[in-house]
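Asker:
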Amino acid sequence: MFLVSSYRPVQATALLLVVFVIGFFTRILLFTQAPTPPGDDEAVLCGVASYVLEEGKLPEKNPYHMYGTPFVYPPLMHLLCALTSAACGLSGWGVLGAALWLTISIDTFTTLAVYAVSKRILQSEACSLLCALAYSVASPHLYMMCWGGYVNLLTLFYVPLIVGALLRHLGGDFVRGFLTLTISLTAVFYSHHFSAAITLALLSCTVLALAATRAREKKTLKWFFWASAATASSAAASGAWYIPRYAEFASIFAKAGAEASVSATPQMIAEAASTTILGMGAPFAALLLWLVALGFDYVCRRRGYLGVETICVFTWFLVPSLLGLPFVSKSPMLFQRFFYFSTQPLVILAATGLFYIAVVSARLSDAPAAFATLAVSMLLLGYFLGNFYFIGLRGFYDGNLEWFRSGDASTKHLINWLFTKSEEGCVIASSHSLGWWLSGFSHRGIIPATPAKFLTFPYELDLCRAAFVCVNTCVWAESGRHALMDNGLRGVLKTPQVCVLRAGEVYPGIELDTSKLCVVVREGGVVRRYELSDFEPSRSELVAKGNAVEMLYAYEADELWLRRRVIFPNSSEGADVYLEVGGKEVLEVWVGVDTPLAYEKAYAGDGWVGFFDKAEMLGAVAVFDPEPHAVLGGEEGSYLVVFWGGGGEFRAKISLLVFDASKAEVREPKDWLEEMIEAKVGGGGVEVATVDELMDVYKISYVADQDGYTAYSIARSPRFDLIYSCYKTKRGWEEPTRVLVHKRLL
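Numbering of the sequence shown is given in my numbering, commencing with residue 11 and proceeding in unit increments.
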């Protein structure tokens with residue numbers, strides 16, 4: 011009967027200390043086994059903390075990350091990290107260690123906060139200890155430490171204190187409740203703006219629900235006054251930070267990331283579910299929901315269906331879950347954070363459900379039945395904690411922890427190299443994760459190519475698009491690859507591959523394989539064939555026109571010139587490719603077009619090839635103008651298209667179109683082909699120009715990147731010189747880290 015026994019204060023304290031130690035060492039074992047912790051966000055945190063250490067003040071403008079933009083992020087965690095570093099005499103990379111150990115400590119003490127509020131809600135020492143034990147090894151909130159959500163973990167420390175403060179108010183302890191609520195809520199406001207909004211919504215709904223259900227009690231008005239006064243005091247104390255930055259915070263509602271969200275609802279629902287019960291599998295998810303229902307029923311029986319504690323724990327769980335629903339319907343990733351605020355009451359209720367089963371077994375008079383029920387409850391406890399730890403946390407270590415470990419020895423070497431070789435005050439355009447680490451430790455201005463859906467402020471969007479173009483254009487020009495990503499361009503492998511997006515999954519579509527391109531020309535009386543490999547790149551340009559992106563690639567060979575102009579609309583609908591050849595009498599031009607699905611699912615007609623998969627309701631088509639002389643079928647859905655040139659110069663247009671028929675009537679390709687062509691999007695005025703101009707506008711001196719392309723393709727670029735290359739092994743394959751410098755700046 012260990013689970014349901016009453017404990018003396020000394021016993022309870024000893025058991026709580028055991029739970030605390032378990033939680034502390036669980037985090038140490040998971041997050042201190044590598045030179046750097048996983049994630050990206052903590053690197054930006056360390057950059058601001060390092061600035062505070064060096065300058066002795068907070069910056070007015072972002073000194074490193076999103077260089078030059080207003081610094082508007084609430085600074086409490088940055089200041090705590092700087093103070094911890096100063097107290098320990100740490101600087102440079104040591105600040106990262108200070109941030110990690112500080113967060114491990116904060117998150118471990120959150121276990122004690124969960125224990126305290128559970129005890130106030132349940133009035134059971136044994137059940138509260140079980141809640142604390144479950145939270146100490148629960149995976150959902152520790153998921154934030156995998157991607158560096160240190161600031162979010164700080165705010166989660168204060169949420170149980172805020173719920174406990176409300177209960178203190180209602181218990182008549184107005185002074186301590188007022189001070190706890192005021193201090194905790196103010197700390198949340200100064201920790202993270204988005205978490206502050208979530209906490210304020212949770213607090214408001216809880217206070218209103220309590221006031222409405224207890225309106226007839228004499229002390230309700232007094233309690234409501236004290237709760238409102240505490241909230242107002244917190245808002246006034248945090249106004250010193252928010253009011254001068256009102257315009258920036260108001261712009262959040264413009265949702266820089268909203269325009270880039272392309273994931274479909276089924277995927278978002280899956281992600282939302284995995285946020286709260288991440289990596290645990292369907293059987294455990296069913297058990298968890300059953301235990302939550304049992305736990306809530308137990309709270310209702312003990313504290314009353316409209317009791318103060320019942321309402322608090324119900325709104326604590328329900329409000330963040332309801333507010334997070336926009337996350338499952340193509341809304342920005344920011345809404346994902348709502349679900350993290352549901353994890354604490356979720357764990358409390360699930361652990362209470364386990365306790366409820368143990369209580370029932372202890373009350374059975376039939377000894378064999380009692381023993382059997384107790385054995386089942388112990389097995390459930392083992393399964394519950396085992397899934398939380400071994401499937402949840404160990405799964406992180408084997409999967410997510412390694413996936414998010416973007417800062418490593420190779421990154422350190424690159425950062426140290428940049429710090430010694432680059433000038434102070436220079437600006438570096440970089441890929442997303444690498445840019446966040448550079449901004450934390452290189453002490454240089456960084457513009458990362460962060461995907462738009464992860465951005466908060468609209469003014470960050472143009473910076474990220476510029477960085478994306480600078481990082482990738484040199485690869486596109488020389489390797490024949492295009493990229494269409496969610497901060498303005500999406501998609502891709504060959505030249506270009508147009509994909510079909512449905513339910514958050516990318517299906518290969520039509521791809522124009524220019525590696526198979528060849529040109530047959532007449533030189534006097536001699537007929538000669540040129541393949542793409544015979545041409546040398548002469549120039550490349552990129553221009554954004556309204557909702558379309560246009561890319562030009564020019565090649566030369568023996569006075570013969572070849573131009574490829576590719577126009578992408580700012581969506582996943584397809585592309586128009588123009589091929590032009592001149593300089594000699596052109597007889598024929600051959601181009602390979604791939605439809606990657608099986609041969610029997612591919613179609614060919616007059617002037618077009620494509621596929622339509624009725625099972626998946628997906629389709630793609632390539633339309634040729636002028637019509638090809640012949641369309642020759644190949645194996646596995648591959649087609650070789652022959653264009654008839656003649657008469658000197660040659661010009662052709664290939665429209666690559668894709669569609670998702672999940673919301674449309676299923677018809678044969680010939681029926682929807684004409685409609686798809688008419689619906690094509692394009693046009694608009696010139697907004698952004700070439701890489702040269704972007705580097706001038708944003709004063710970019712260096713470009714750093716880290717991906718699977720070979721450094722050789724970069725070294726051939728006419729635009730950049732390769733001045734640093736370091737290979738590393740990550741997630742099973744080698745990846746180069748590259749730093750490029752523009753030739754004009756040498």
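Just so you know, even glycine gets a beta-carbon here, dropped at the ideal spot from N, CA and C. Since the structure is predicted, the reported quantities are computational estimates derived from the model, not experimental observations.
In three-state terms, what does DSSP make of Ile520?
Answerer: Coil.
Asker: Along the beta strand (DSSP E) that carries Ile438, what are the first and last residues, could you check?
Answerer: Element bounds for Ile438: Val437 to Ser441.
Asker: Considering only C-alpha positions, which residue in the set Ala123, Tyr61 and Val124 is nearest to Val105?
Answerer: For Val105, the nearest C-alpha among the options comes from Tyr61.
Asker: Counting pairs of beta carbons, one from the segment 109-121 and one from the segment 71-81, are three or more of them closer than 8 angstroms?
Answerer: These segments do not touch.
Asker: Between which two residues does the alpha helix (DSSP H) containing Val318 stretch?
Answerer: Val318 to Leu333 is the extent of the alpha helix (DSSP H) around Val318.
Asker: By the DSSP assignment, the beta strand (DSSP E) with Ile759 in it spans what residues?
Answerer: Here the chain has residues from 11 to 756 only, and residue 759 is not among them.
Asker: With a threshold of 8 angstroms on Cβ separation, who are the neighbours of Cys736 within its own chain once the five nearest residues in sequence on each side are excluded?
Answerer: Ser420, His423, Leu424, Pro746 and Thr747, listed in sequence order.
Asker: Drop a sphere of 10 angstroms on the beta-carbon of Gly49, count the other beta-carbons inside from all chains shown, and report buried for 16 or more, exposed for fewer.
Answerer: Result: buried.
Asker: For Gly602, which beta-bridge partners are listed by DSSP?
Answerer: Per DSSP, Asp523 and Leu650.
Asker: Hey, would you say Leu818 sits closer than 8 angstroms to Ala476, going by beta carbons?
Answerer: Outside the modelled stretch of the chain, which goes from 11 to 756, sits residue 818, for which no answer is possible.
Asker: Starting from Lys71, follow its DSSP beta bridges and name the residues at the other end.
Answerer: According to DSSP, which records beta bridges pairwise, Lys71 is partnered with Pro80.
Asker: Within 10 Å of its beta-carbon, does Val536 have 16 or more other beta-carbons around it, so buried, or fewer, so exposed?
Answerer: When all chains shown are included, Val536 counts as exposed.
Asker: Rounded to whole angstroms, what's the CA-CA distance from Val29 to Val147? Just pull it up for me.
Answerer: Val29 and Val147: Cα-Cα distance of roughly 10 angstroms.
Asker: Check whether the Cβ atoms of Asp51 and Tyr160 sit closer than 8 angstroms, and answer yes or no.
Answerer: In contact: Asp51 and Tyr160 (Cβ atoms closer than 8 angstroms).
Asker: Output needed for Ser452: all residues of its chain with C-beta closer than 7 angstroms, excluding positions within five of it in sequence on either side, in chain order.
Answerer: For Ser452, where only same-chain residues beyond five positions count, the Cβ hits under 7 angstroms are Ile425, Leu428 and Phe429.
Asker: Look up Asp731 in the DSSP assignment and give the residues it is bridged to.
Answerer: Val751.
Asker: Can we say the segment 243-261 touches the segment 190-202, given the rule of at least three CB pairs closer than 8 angstroms?
Answerer: Judged by Cβ distances under 8 angstroms, the segment 243-261 makes contact with the segment 190-202, as three or more pairs qualify.
Asker: Skipping 5 residues on each side, what residues in its chain have a beta carbon closer than 6 angstroms to that of Glu541?
Answerer: So the list reads Cys528, once near-sequence residues are dropped.
Asker: For Glu434, report the span of its alpha helix (DSSP H) as first-last.
Answerer: Premise fails: Glu434 is in no alpha helix (DSSP H) and is neither H nor E.
Asker: Are Arg312 and Leu132 close, meaning C-beta to C-beta below 8 angstroms?
Answerer: The answer is yes: Cβ separation under 8 angstroms.
Asker: Which of helix, strand or coil does DSSP assign to Met627?
Answerer: Residue state, collapsed to three classes: coil.
Asker: Relative to the C-alpha of Trp233, which residue among Gly102, Cys480, Val318 and Gly620 is closest?
Answerer: Comparing Cα positions, the closest option is Val318.
Asker: Can you tell me which residues form a DSSP beta bridge with Pro547?
Answerer: Tyr565, per the DSSP bridge assignment.
Asker: Would you mind stating whether Arg130 and Gly187 have Cβ atoms separated by less than 8 angstroms?
Answerer: Not in contact: Arg130 and Gly187 (Cβ atoms no closer than 8 angstroms).
Asker: Check this for me: beta carbons of Lys594 and Glu569, under 8 angstroms apart or not?
Answerer: Cβ distance < 8 angstroms, so Lys594 and Glu569 count as in contact.
Asker: When DSSP labels each residue in this structure, what does Phe414 get in the three-state scheme?
Answerer: Correct three-state label for Phe414: coil.
Asker: Only counting the same chain, and skipping five residues up and downstream in sequence, which positions put a Cβ closer than 6 angstroms to that of Leu86?
Answerer: Once the five neighbours on either side are set aside, the close Cβ partners of Leu86 are Tyr200 and Ser201.
Asker: Roughly how many whole angstroms lie between the Cα atoms of Ala222 and Ser238?
Answerer: Ala222 and Ser238: Cα-Cα distance of roughly 15 angstroms.
Asker: Of all the alpha helix (DSSP H) runs that stay within the bounds of the segment 74-157, which reach a length of 4 or more residues?
Answerer: Within the segment 74-157, the complete alpha helix (DSSP H) runs of at least 4 residues are 86-98, 104-132, 135-147 and 149-156.
Asker: Note down the Cα distance separating Val651 from Glu560, rounded to an integer number of angstroms.
Answerer: In a straight line, the C-alpha of Val651 is about 24 angstroms away from that of Glu560.
Asker: The beta strand (DSSP E) that contains Gly49, what's its start and end?
Answerer: Premise fails: Gly49 is in no beta strand (DSSP E) and is neither H nor E.
Asker: Under 8 angstroms between the Cβ atoms of Ser440 and Ala459?
Answerer: It is a contact, given that the beta carbons lie within the stated cut-off.
Asker: So, with DSSP's three-state summary, where would you put Lys663?
Answerer: If DSSP states are grouped into helix, strand and coil, Lys663 belongs with the strands.
Asker: Would you identify the three-state DSSP class for Arg224, choosing helix, strand or coil?
Answerer: Three-state result, Arg224: coil.
Asker: Whose CA, out of Ser525, Leu471 and Leu171, lies closest to the CA of Gln354?
Answerer: Among Ser525, Leu471 and Leu171, the Cα nearest to that of Gln354 belongs to Leu171.
Asker: With DSSP run on the structure shown, which of helix, strand or coil describes Ala612?
Answerer: Correct three-state label for Ala612: strand.
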